[in-house]
Amino acid sequence: MVSAKYVFSLAALALAATAAPVPKMQPEAASLEKRSYTGRATFYAAGLGNCGWHNSGSDMIVALNTAQYGSTNQKSSHCGQKVRIHHDGKTQTATVADSCPTCPMGALDMSKALFGALTNGNFDLGEFQMTWEFI
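Below you can see the structure in the form of structure tokens.
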């Protein structure tokens, strides 16, 4: 004869086994994209950008370094994407509109309006260090 204590123990064990948490699958580190970048900010004379549209110096745009832009022979998947840029307590949002073949990884070439907004109009700086991310 099976005792009630034995049946209760089996039932408790079965319940505990079904209630055990399932570990979450962790994505591989290689598939994660870096979310924040650090680099040099410069400014340029905007015009017909590599993304295919005309821009002016008053537009809040950036030319993305080619390491992140990709092939300059075609429109990048980043064209039209927004970036948020941080410098010296200021934050500005801009649109990727061009590529910068002379910029190193993490660098952005900015329209004059964007550069000026982040430097209080101090174009004599020529360049500055900043952090930024895609949004």
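Residues -19 to -1, 1 to 116, numbered by mature numbering (1 follows the signal peptide of the UniProt record, and there is no 0), are exactly what the sequence shown covers, in order.
The C-beta atom is built at its ideal place from N, Cα and C for all residues, glycine as well.
Distance from the CA atom of Gln110 to the CA atom of Ser80, rounded to whole angstroms, is 19 Å. Under the three-state reduction of DSSP output, Gly97 falls in the helix class. In its own chain, leaving out the 5 sequence neighbours on each side, no residue places its CB closer than 8 Å to the CB of Asn54. Checking the DSSP bridge columns, you'll see Glu114 partnered with Arg65. Of all alpha-carbon atoms in Gly28, Gly102 and Met91, the one lying nearest the alpha-carbon of Leu45 is that of Met91. Nearest to His68 by C-alpha distance, out of Gly61, Tyr25, Leu95 and Tyr50, is Leu95. For Leu89, the closest C-alpha among the options Glu108, Asn103 and Ser57 is that of Glu108.
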